[in-house]
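Letter by letter, the sequence shown follows residues 1 to 576 in full-length UniProt numbering.
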Amino acid sequence: MTKLILLPNEILHHVFRQVDPVDLAHLSRSCTLLNKNIAGDGQLFKAVYCYMLDAPPESQAKTFDYKNQLREFVKCRRILDSSTEKPMIFNTPDEEALLFLADWTTRFLRTAHSTKSRNLGFLHAYFSRLNPKNLTRFLCHSSTWDRARLLNLNPLCETPFAVRQASAKLHVLYGKPLLKPTRNAQRKGPTVDLTPNHKDPYPYAVSKVYDLRNYTEETMWGPYLADGYASVDWEKLEAVMLLLGYNAEVFKESVGENMLPAGFSWDEGWAGATPGSYTSTDIYGSSQVEEFEEVIEGEGDEATEPVVDPYNIGGTWMRVVCFLDFHELFAYNFTNPATPTDRPRPALQTTEAIRLISMELRVTHTEPPGPDDGQELPVVFFEGISRSLHSPRDVNANSNIKGCPSNVAWGTAANGKSNSEERWRSEGIQVGGVGSARGVLGHWFDKDHDVHGPAGPTGFYKISDQIKNYASDSDTEEPPVLDVEIDDDVEDVEEVQAFIGQLAEAIGMNMPGLHAHVHIENANNSNSDGDGGINGGGGIAGGNGTLQGILSANEHEHEAEERGYAADRNGFSFDD
Numbered sequence: 001m002t003k004l005i006l007l008p009n010e011i012l013h014h015v016f017r018q019v020d021p022v023d024l025a026h027l028s029r030s031c032t033l034l035n036k037n038i039a040g041d042g043q044l045f046k047a048v049y050c051y052m053l054d055a056p057p058e059s060q061a062k063t064f065d066y067k068n069q070l071r072e073f074v075k076c077r078r079i080l081d082s083s084t085e086k087p088m089i090f091n092t093p094d095e096e097a098l099l100f101l102a103d104w105t106t107r108f109l110r111t112a113h114s115t116k117s118r119n120l121g122f123l124h125a126y127f128s129r130l131n132p133k134n135l136t137r138f139l140c141h142s143s144t145w146d147r148a149r150l151l152n153l154n155p156l157c158e159t160p161f162a163v164r165q166a167s168a169k170l171h172v173l174y175g176k177p178l179l180k181p182t183r184n185a186q187r188k189g190p191t192v193d194l195t196p197n198h199k200d201p202y203p204y205a206v207s208k209v210y211d212l213r214n215y216t217e218e219t220m221w222g223p224y225l226a227d228g229y230a231s232v233d234w235e236k237l238e239a240v241m242l243l244l245g246y247n248a249e250v251f252k253e254s255v256g257e258n259m260l261p262a263g264f265s266w267d268e269g270w271a272g273a274t275p276g277s278y279t280s281t282d283i284y285g286s287s288q289v290e291e292f293e294e295v296i297e298g299e300g301d302e303a304t305e306p307v308v309d310p311y312n313i314g315g316t317w318m319r320v321v322c323f324l325d326f327h328e329l330f331a332y333n334f335t336n337p338a339t340p341t342d343r344p345r346p347a348l349q350t351t352e353a354i355r356l357i358s359m360e361l362r363v364t365h366t367e368p369p370g371p372d373d374g375q376e377l378p379v380v381f382f383e384g385i386s387r388s389l390h391s392p393r394d395v396n397a398n399s400n401i402k403g404c405p406s407n408v409a410w411g412t413a414a415n416g417k418s419n420s421e422e423r424w425r426s427e428g429i430q431v432g433g434v435g436s437a438r439g440v441l442g443h444w445f446d447k448d449h450d451v452h453g454p455a456g457p458t459g460f461y462k463i464s465d466q467i468k469n470y471a472s473d474s475d476t477e478e479p480p481v482l483d484v485e486i487d488d489d490v491e492d493v494e495e496v497q498a499f500i501g502q503l504a505e506a507i508g509m510n511m512p513g514l515h516a517h518v519h520i521e522n523a524n525n526s527n528s529d530g531d532g533g534i535n536g537g538g539g540i541a542g543g544n545g546t547l548q549g550i551l552s553a554n555e556h557e558h559e560a561e562e563r564g565y566a567a568d569r570n571g572f573s574f575d576d
């Protein structure tokens, strides 16, 4: 100790920056000289933080409280280290821990780097499918999971609203739905059930998304709370994520993983849930350069003012739309015995149809933010073209997009190419903030807000800054599309995939350009057309068309309340 305190302050700084924050707090209490040295080193807390975790972006660096952030990091780590598999008891420190964890994780992800992130590495270490204790402890307390919980493990009291929202938010940010293994996956070999204390959450998520009572003017027909501020309803977003994840697994098992578009599913939790994590993919190759172009910020006519794109809208996006047969949707909502307004509809085990849609968007102009918008970014207008990967049927789309500093809210509207009248709308939230790779989750619905529907879940994410030239679009033929009808309970998926490949070769379609559509027999009967339309009504934003829209910022985002920590004692403390 004598030798340590005699070292120059510069060397002590270099040594202490590699010390764990808890040990650093203990070290500061060991003697007066070290206490004064640590407390008086204005750059030490920054050095310790940046040694262990990602340095905050430049826009936050000047106001970033490194000392307090280290305290919160230690508190979070203590919570995760002490997690157990016992049922959570609410109105106790268990509840406070979950609320703190959701709020802290949200802020922690905002400062995470998009590549080689120490922040994401920390979250991966504590939320892993190889070590699922924290997954089930903190991510499974929404109303969907409460309904799916095994009866003998039901808590004595109802889960508080704030806890349900916080748990659902963590699950959405994690991004990999905690679903039960499918039958095909079980046939292929051993599987791991991450939620052994719960039944399959899928039927309960279906009942939340397809309950048309949730589509109201107060909620803007989107994944929002009926609070007048369009605050995010994380339980609705979680249910949408569960449905899209389930249908993605069914689709993947039917046509093969190689047939899926890039970004259709995530291999790791937390990936893509950070601002600016999107990276562009080359989607055309050198042989087709003349047919494609890069979307460049500021492009436009020389006589007009350059167009800025702060939300990184311009480029090619992939959209996923799921829906029920309209007669099944109607029967579920209007022919079953009446359900009290304060109770959810019964769980529904069903089969949905799925559509994949390519969207090519361009920013057209911007406007200053309005009084209800966030003031940091402008309102951005855009337009573009959508292409169904299942059918050549033409459909146009107009889009309204608005957002908030931490969660960008997107709104879209669609109409047919031969008919300028709008048909479909959607509302969604870009998970992870501006420029996140995760993309948008939300609801689609009838543009007239018909109480009888239709409605359902949707998601879309950006895949490239490149788009196909509009001028060449009318001169080229539609890409080859293969519709494949497969029963939901096929025994040999590999044989089906081999048949698809042989059929594609027989009709002259190259496999890299093949888009296969799995048409589930018992989900699409005479009441739904082959183009993704419902009750013969045409496609759901499902073909070639045009898109127009707006993107602005909504400042009414409600985050979890900040919570207090123990005051400094003898220099400082990382204790609760």
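Yeah, the Cβ is synthetic: ideal placement off N, Cα and C, and Gly gets one too.
| Whose C-beta lies closer than 8 Å to the C-beta of His452 among residues of the same chain, with five residues either side of it excluded? | Same-chain partners within the cutoff: Leu212, Phe330, Asn333, Phe334.
| said: Across the stretch 344–352 and the stretch 362–376, are there enough close Cβ pairs to call them in contact, namely three or more that are closer than 8 Å? | reply: As far as the Cβ criterion goes, the stretch 344–352 does not touch the stretch 362–376, which means the pair count is below three.
| task | Kindly indicate which three-state DSSP category Gly121 falls into: helix, strand or coil? | result | DSSP, read as helix, strand or coil, puts Gly121 in helix.
| said: Does Met88 come out as helix, strand or coil in the three-state DSSP assignment? | reply: In the three-state reduction of the DSSP assignment, Met88 falls in the coil class.
| request: Would you decide whether Ile385 is buried or exposed? Buried here means 16 or more other CB atoms lie within 10 Å of its CB. | output: buried
| query | Using the C-alpha atoms, what's the distance from Asn35 back to Asn247? | reply | 57 Å
| request: Assign Phe161 to one of two classes, buried (16 or more other C-beta atoms within 10 Å of its C-beta) or exposed (fewer than that). | output: exposed
| Would Gly40 be called buried (16 or more neighbouring beta carbons within 10 Å of its own) or exposed? | exposed
| query | What number of angstroms, rounded off, separates the C-alpha of Ser30 from the C-alpha of Phe45? | reply | 18 Å
| request: Compare the beta carbon distance of Val380 and Val408 with 8 Å and say whether it is the shorter of the two. | output: Between Val380 and Val408, the gap from beta carbon to beta carbon reaches 8 Å or more.
| Span of the beta strand (DSSP E), counted from its first residue to its last, around Val380 | In the DSSP annotation of this structure, the continuous segment of the beta strand (DSSP E) that includes Val380 starts and ends at 379–388.
| message | Which of the three DSSP states is assigned to Cys76 in this structure? | response | helix
| said: Given this structure, state the Cα-to-Cα distance separating Arg48 from Phe64, to the nearest angstrom. | reply: Sequence inspection shows Val at residue 48; the Arg mentioned does not correspond to that position. Cα-Cα distance, rounded: 14 Å.
| said: Taking its Cβ as the centre, do 16 or more other Cβ atoms sit within 10 Å of Gln69, making it buried, or is it exposed? | reply: buried
| Of the residues Arg343, Ile354, Val320, which one's Cα is nearest the Cα of Ser254? | Ile354
| request: Return yes when the Cβ of Gly432 is within less than 8 Å of the Cβ of Gly222, no when it is not. | output: no
| query | Contact check, Pro454 vs Asp446 under 8 Å by CB: the rounded distance? | reply | Indeed they touch by this definition, with Cβ atoms about 6 Å apart.
| task | Write down every uninterrupted run of the alpha helix (DSSP H) in the stretch 349–381 whose length is 4 residues or greater and which is fully enclosed by it, in chain order. | result | none
| task | Alpha carbon to alpha carbon, how far is Val22 from Ser207? Give it in angstroms, no decimals. | result | 46 Å
| Is the closest heavy atom of the ligand HEM to the C-beta of Ala39 under 7 Å? | In the structure on display, the ligand HEM does not appear, and there are no ligands present to speak of.
| field | Cβ contact check for the stretch 169–181 and the stretch 137–146: 3 or more pairs under 8 Å | value | yes
| field | Segment contact flag, the stretch 112–124 with the stretch 265–282, C-beta cutoff 8 Å, min 3 pairs | value | yes
| field | C-alpha gap between Asp146 and Glu158, whole angstroms | value | Asp146 and Glu158: Cα-Cα distance of roughly 9 Å.
| said: Which of the three DSSP states is assigned to residue 583 in this structure? | reply: Since the displayed the chain opens at 1 and closes at 576, residue 583 lies outside it and no answer follows.
| field | Buried versus exposed call for Lys86 [16 or more other C-beta atoms within 10 Å across all chains shown] | value | Lys86 comes out exposed.
| said: Buried or exposed for Lys62, going by 16 or more other Cβ atoms inside 10 Å? | reply: exposed
| said: Please state whether the Cβ-Cβ distance between Thr339 and Gln466 is less than 8 Å. | reply: In this structure, Gln466 does not lie closer than 8 Å to Thr339 by Cβ.
| message | I'd like the list of long-range same chain contacts for Val209, defined as Cβ closer than 7 Å, with 5 residues on each side in sequence excluded. | response | Ala239, Val240, Leu243, Gly456, Pro457
| request: Taking only the alpha-carbon atoms, compute the straight-line gap between Phe100 and Asn197 and give it to the nearest angstrom. | output: C-alpha separation (whole angstroms): 24 Å.
| message | For the beta strand (DSSP E) containing Phe445, name the first residue and the last one. | response | 440–446
| task | Return the CA-CA distance between Trp424 and Asp20, expressed in angstroms with no decimal places. | result | 54 Å
| said: Measuring alpha carbon to alpha carbon, tell me which residue in Pro203, Pro177, Glu376 is nearest Leu132. | reply: The sequence shown places Pro at residue 132, rather than the Leu named in the question. For the residues Pro203, Pro177, Glu376, the minimum Cα distance to Pro132 belongs to Pro177.
| When the Cα of Asn214 is compared with those of Glu268, Tyr229, Pro344, Gly370, which residue comes out closest? | Pro344
| task | Starting from Met318, follow the alpha helix (DSSP H) in both directions and report where the run begins and ends. | result | Note, Met318: premise wrong, no alpha helix (DSSP H); beta strand (DSSP E) at 315–323.
| request: Between the Cα of Gly42 and those of His26, Asp200, Asn9, Phe73, spot the shortest distance and give me the residue it belongs to. | output: Asn9
| said: My assumption, with CB atoms under 8 Å, is that Gly272 sits in contact with Arg164. Please give the rounded CB distance. | reply: That pair is no contact at about 24 Å.
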